[in-house]
Amino acid sequence: MLLSDITHPNQLHGLSIRQLEDVARQIREKHLETVATSGGHLGPGLGVVELTLALYQTLDLDRDKVTWDVGHQAYPHKLITGRYHDFHTLRQKDGVAGYLKRSESKFDHFGAGHASTSISAALGMALARDMAGDDYKVAAIIGDGALTGGMALEAINHAGHLPNTNLLVVLNDNEMSISPNVGAIPRYLNKMRLSPPVQFLTDNLEEQFKHLPFVGTSLSPELDRVKEGMKRLAVPKVGAVFEELGFTYMGPVDGHNLPELIATFKEAHNHTGPVLVHVATTKGKGYAIAEKDQVGYHAQSPFNLSTGKSVPSTKPKPPGYSKVFVENPD
Ligand SMILES: Cc1ncc(C[n+]2csc(CCOP(=O)(O)OP(=O)(O)O)c2C)c(N)n1
């Protein structure tokens, strides 16, 4: 399928993994080509291409809602929500905005710029949905950097207190904020990234139980409880903090493996209450220069794609916001 023909994200429904991989390749191509010309955020968007396609294949975006934290990583989202043909106007006057913008598309459910707001916004939407007796899905996608912001933690505090409010939080963990992420939460996330996935361990456990003599499948009703206990016992660190805070934790999932992502999101949608899917991604994925220098290519001024080097601008540079503000205080 041609990316240029995708004007609605529901067109992803029914595409095979091979077709999705081909769309992913086209998104990266367009993303790179555009940022190399106009400048903009580079590494964050390249890291969430598969995450975006997999999540959107499991959602109905005529009904369901998505909030992207900050919004600087949402160029893949823009490219499959009707802005492909205008994308060359990115970050220019009257052009496609660099962040999500509600007036720009009905698929931009929340406009941000400020970090750490996505879970709070999504929770508000989920609560409004429940009050109206509706049942659409709401998902927030938040980076490991933004997760360390106070407002994200306030929202986790609130969501974990509401066991019947369905909310999906996708943690896009690339181990980076603008620079390497620091502090206790990133240290905890890193330990989880290095652990085998929770689902894998518990599924394996189920298989092993099935083969026990006299037990077989007869243990099934008890198995869920046993699995819960074993999850904490066998891997005390994986997701335990999120589980204790009232979330169902799933992951870590390889953020560039489409089948794994799709299966995990489908399973996450079946749970009641808040769910956190921990996705391990690589900032700059698919562009070796950006993968290698993740700080330098978080955002870029126009650059040469083959060398990665900045291209000196020929346009006169407008004065900076602070300078204008200081010189015109009234
Ligand atoms: C309140 C606030 N502080 C700082 C920023 C600057 N900022 C923009 S993107 C970003 C990094 C966020 O890291 P992460 O959430 O992990 O996303 P990634 O870029 O790694 O995908 C920061 C700190 C901001 N937008 N808002």
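Here the sequence shown is numbered in my numbering, starting from 1283 and rising by one per residue.
Built from N, CA and C at the ideal position, the CB exists for glycine as well.
- The alpha-carbon of proline 1541 is positioned some 31 angstroms away from that of leucine 1409.
- Exposed is the label assigned to histidine 1295, since fewer than 16 other Cβ atoms lie within 10 Å of its Cβ.
- At the C-beta level, glycine 1322 and arginine 1384 stay beyond 8 angstroms of one another.
- Residue pairing by DSSP places tyrosine 1531 opposite Leu1558 in a beta bridge.
- Just measuring C-alpha positions, the residue of His1538, Pro1556 and Thr1546 sitting nearest alanine 1562 is His1538.
- The three-state reading of DSSP puts isoleucine 1401 in helix, counting H, G and I together.
- For aspartate 1536, the beta-bridge partners assigned by DSSP are Ala1562.
- Counting the other CB atoms within 10 Å of its CB gives threonine 1596 a total below 16, which places it among the exposed residues.
- When DSSP states are grouped into helix, strand and coil, methionine 1283 belongs to the coil group.
- The nearest non-hydrogen atom of ligand 1 is less than 7 angstroms from the C-beta of aspartate 1426.
- Serine 1398 has its Cβ nearer than 7 angstroms to a heavy atom of ligand 1.
- In the structure shown, glutamine 1355 adopts coil according to DSSP, grouped into three states.
- Between the alpha carbons of proline 1594 and asparagine 1463 lies a distance of about 30 angstroms.
- Less than 8 angstroms separates the beta-carbon of leucine 1429 from that of isoleucine 1467.
- In the pairwise beta carbon analysis, the region 1328-1340 is classified as touching the region 1283-1301: at least three pairs are separated by under 8 angstroms.
- Counting the other CB atoms within 10 Å of its CB gives aspartate 1344 a total below 16, which places it among the exposed residues.
- Closest option to valine 1559, judged by alpha-carbon separation, among Lys1574, Glu1573 and Phe1529: Phe1529.
- Its Cα nearest to that of proline 1445, the residue Val1557 stands out among His1551, Met1413, Val1557 and Thr1589.
- DSSP places valine 1305 in no beta strand (DSSP E) but in the uninterrupted alpha helix (DSSP H) bounded by 1299-1320.
- For asparagine 1454, the enclosing beta strand (DSSP E) stretches over residues 1449-1455.
- DSSP places glycine 1578 in the coil class of the three-state scheme, outside both helix and strand.
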